[in-house]
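**Q** Numbering of the sequence shown is given in my numbering, commencing with residue 144 and proceeding in unit increments. Quick one: structure below, then a few questions.
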Amino acid sequence: MVKIDNIELPDFPLLLAPMEDVSDPPFRALCKEQGADVVYTEFVSSEGLIRNAAKSVMKLDIYEKERPVGIQIFGANLESMLQTIDIVEKSKPDIIDINFGCPVKKVVSKGAGAGILKDVCLMEQLTAEMVKRTNIPITVKTRLGWDHDSIRIVEVAERLQDVGCKAISIHGRTRAQMYKGSADWKPIAEVKNNPRMHIPVFGNGDVDTPERAMEMRDVYGLDGAMIGRASIGNPWFFKQVKHFFKTGEHLAPISLEERVEAARRHLQMAIDWKGETLGVFETRRHYTNYFRGIPHFKDYRTKMVTSDQSADVFAAFDEVLEHFSDYQFTE
């Protein structure tokens, strides 16, 4: 069993990573149903929250069926981050996660996200003060370092633990790498193998097959895996990994009917949560993966990602069921 403070999780839990415009309530619900042990919100701007920006506030919506659920926040100003804690507490999340890893320029340029990797003392101070501010467990998601020459993740993780961080998720790339090249899990294993570490250490980056998840568990000895891009349009990834762990075999391919049903529910939940226009627009990114592998699919995909009316998208789902009823997925 793995514990984040008093939150009990199964052995080698699978965590849905916080992803901007992806890990919203509809998608989190689908992933939870398919075996995600912990889900995280999209990351929330501390400056946006304290200014009551509508988009930031909306990201605080969480639901009982998602628990345990973490709200992730980012920022570099101590007072703003402390005010954010007070606001976030009202949503009653199980976990508050600090983003010290987002590599996007508009975040980094403000000294937040991975930008803070240049100032480990500030990372430590922000974490310490946020821990003091709340009884909700504080966790951290970060990267190996700013660049290859500044990797100090073993020291950083230890310092964050010592000021009260209850778990750490580490993406196996530096900020300089962005999402290029391969994730390096060896430094994450070094954190886990540090005899002074006693909080869970979760790995992130390139966990895109059940075999890779098993490698992270059995070869690198990490406490769990945080799943990001592999789950987009594929909420079944969590179930696939768990089936592989249990049986050593791959789960049978997800059928066309299951994929269409998931796409329908995803779209409907998105509309129910954020309205027709945004619901239709922000669900588009998932359709390519939902139906990946179907030959001669371009016209249907185009309709799904260009239609502004949900009725047209739902109609496209029906057409897919009718025209590809004999298609058998191989993976």
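Note that CB positions come from ideal geometry on N, CA and C, so glycine has one too. Keep in mind that this is a model prediction, so the values were computed, not measured.
Residue range of the alpha helix (DSSP H) that Tyr183 falls in?
**A** From DSSP, Tyr183 is part of no alpha helix (DSSP H) but of the beta strand (DSSP E) over 181-183.
**Q** Out of Lys446, Asp451, Ala310, Arg372, which one is the CA nearest neighbour of Ile414?
**A** That would be Asp451, whose Cα lies nearest to the Cα of Ile414.
**Q** Apart from the five residues just before and just after Asp229, which ones in its own chain have a Cβ nearer than 8 Å to its Cβ?
**A** Arg276, listed in sequence order.
**Q** Straight-line CA distance for Trp328 to Ile281?
**A** Each residue's Cα considered, the two are about 23 Å apart.
**Q** How many angstroms separate the CA atom of Phe243 from the CA atom of Gln268?
**A** 13 Å
**Q** Would you list the residues sitting across from Leu221 in a DSSP beta bridge?
**A** For Leu221, which the question treats as bridged, DSSP gives no partner whatsoever.
**Q** Along the chain, which unbroken stretches of the beta strand (DSSP E) at least 3 residues long are found entirely within the segment 276-335?
**A** 281-286, 311-314
**Q** Pick out whichever of Glu400, Phe434, Tyr433 has its Cα sitting closest to the Cα of Ser87.
**A** Coverage of the chain is limited to positions 144 through 474, which leaves residue 87 absent and any answer about it impossible.
**Q** Taking all protein chains shown into account, decide if Val187 is buried (16 or more other Cβ within 10 angstroms of its Cβ) or exposed.
**A** buried
**Q** Please state whether the Cβ-Cβ distance between Leu157 and Phe381 is less than 8 Å.
**A** Remark: C-beta atoms of Leu157 and Phe381 approach each other more closely than 8 Å.
**Q** How is Ile205 classed by DSSP in three states: helix, strand or coil?
**A** coil
**Q** How far does the alpha helix (DSSP H) with Val165 in it extend, from its first residue to its last?
**A** From DSSP, Val165 is part of no alpha helix (DSSP H); its letter is neither H nor E.
**Q** Check whether the Cβ atoms of Arg318 and Leu260 sit closer than 8 Å, and answer yes or no.
**A** yes
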